[in-house]
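**Student:** If you're matching positions, the sequence shown starts at 199 in the working numbering and goes up one per residue. Note that CB positions come from ideal geometry on N, CA and C, so glycine has one too. Questions regarding the structure given below will be posed in turn.
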Amino acid sequence: MSQFVESRKKSSGFELCGRMIRENDSLVVFIDDVGKFEIPGRVLMGVLAGLGDEELSWGKVRLSESGRGLYLDIGTGSYVGPVSRVRAVMEGKNRKGPVSRVVNAS
Numbered sequence: 199m200s201q202f203v204e205s206r207k208k209s210s211g212f213e214l215c216g217r218m219i220r221e222n223d224s225l226v227v228f229i230d231d232v233g234k235f236e237i238p239g240r241v242l243m244g245v246l247a248g249l250g251d252e253e254l255s256w257g258k259v260r261l262s263e264s265g266r267g268l269y270l271d272i273g274t275g276s277y278v279g280p281v282s283r284v285r286a287v288m289e290g291k292n293r294k295g296p297v298s299r300v301v302n303a304s
């Protein structure tokens, strides 16, 4: 008779839900079932430089405490993209990058 061991895997706290691309000098974020959001290049560079959060018509853009994530607070939801991928998209090294929804870790 074989034995089974049940183990629970912790949730990462993030769920892939969209993508980001560069259009002209702006970062455009597409979030599934939510919409399209544009971050002007000058605003994005200020946030990435650590100059503080920026309020836009659709919500707020902010840098994570570690500096490795770019957060978008839209309505009651929070979304994040890796800063390394944001920079790669804006520099033209990558065509697109991932965007994830912040979910409660269990």
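Indicate whether valine 284 and valine 259 have their beta-carbon atoms separated by less than 8 Å.
**Tutor:** No, Cβ-Cβ distance for valine 284 and valine 259 is not below 8 Å.
**Student:** Looking only at C-alpha atoms, which of Val245, Ile237, Arg220, Gly216 sits nearest to aspartate 231?
**Tutor:** Per the Cα distances, Gly216.
**Student:** Since glycine 239 and aspartate 251 are thought to touch, with beta carbons under 8 Å apart, how far apart are those beta carbons, to the nearest angstrom?
**Tutor:** Not confirmed; about 17 Å, so no contact.
**Student:** Taking 8 Å as the cut-off, decide whether the C-beta atoms of valine 300 and methionine 218 are in contact.
**Tutor:** The answer is no: Cβ separation not under 8 Å.
**Student:** Express the C-alpha separation of serine 205 and glycine 233 in angstroms, rounding to a whole number.
**Tutor:** One C-alpha to the other measures close to 37 Å.
**Student:** Pull up the distance between the alpha-carbon of glutamate 236 and that of arginine 266, whole angstroms please.
**Tutor:** Looking at the two C-alpha atoms, the distance is approximately 20 Å.
**Student:** Use the C-beta contact count for valine 203: other C-beta atoms within 10 angstroms, 16 or more gives buried, fewer gives exposed.
**Tutor:** Exposed, since its Cβ has fewer than 16 Cβ neighbours within 10 Å.
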